[in-house]
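Chemist:
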C-alpha cells in the first residue's frame, strides 16, 4: 500500500495542476517496474478536447516513452476512477492493474452501469485489470469538492 500511496501523491500533484488551469482535478501516471513512464493532467477545458483525460494523456505519454502499445506490465494510477472511454483504452493497451483514489459511479468504467473496465466477458481483450480503489480517497474527493466550489457556483 505504501507504493500505491507514493504514486497517488504524484497523481494528486498533477490533479492540482488541472484544478489550477480550470479543469476537473484528475491526475494519472503509468508505472512500469516501479518506474514512472507516463503522466497526465486532465486538460479537456484547456485544450478544448474532451478526450484529453488525465488517463489518456498518461497512456499516450507512456506509449511514447517505451515505444510500444503493449502496456501489460504496467500499473495505471489515477485520482479518479477512469471513465468508460478511458477504460476502453486501458483494456486495449492491456494494462494489468489500475489503482484509483475515488470511484465515479455516474461514468466510471467499473462502478457505473457500463463496467467496461471490469467486464470479464469481452473476448477480444485479455482479462480485466486488477482494480484497487480507495487509495488516498479523502484527498482525491477533497480536490473534487474544491473544483465544485470554484467552478460550479
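In UniProt numbering, the protein residues as written are 1 to 153.
Just so it is clear, CB atoms sit at the ideal spot from N, CA and C, and this is done for glycine as well.
(1) Determine the DSSP secondary structure at residue 131, reduced to helix, strand or coil.
(2) So, using beta-carbon positions, are residue 25 and residue 147 closer together than 8 Å?
(3) Suppose only complete runs of 4+ residues qualify. What are the alpha helix (DSSP H) ranges in the UniProt domain "CMP/dCMP-type deaminase" (2–121), listed by chain order?
(4) Relative to the alpha-carbon of residue 21, which residue among 45, 4, 129 has its alpha-carbon at the smallest distance?
(5) Does the count of Cβ pairs from the stretch 33–51 and the stretch 129–142 closer than 8 Å reach three?
(6) Leaving out five residues before and five after residue 34 in sequence, what residues of the same chain have Cβ atoms less than 8 Å from its Cβ?
(7) For the candidate residues 74, 58, 104, whose alpha-carbon lies nearest to that of residue 31?
Modeler: Reading it off the structure:
(1) Numbered from 1 along the chain shown, position 131 holds the residue referred to as residue 131. Correct three-state label for residue 131: strand.
(2) As a working mapping, residue 25 is identified with position 25 in the chain shown. As a working mapping, residue 147 is identified with position 147 in the chain shown. Contact flag set, yes.
(3) 2–20, 44–47, 54–66, 84–92
(4) Numbered from its first residue, the chain shown carries residue 21 at position 21. Nearest option by C-alpha distance: 45.
(5) no
(6) The residue given as residue 34 occupies position 34 in the chain shown. Within the same chain, residue 34 has close Cβ partners 3.
(7) On the chain shown, position 31 is the one that residue 31 refers to. Answer by Cα proximity: 74.
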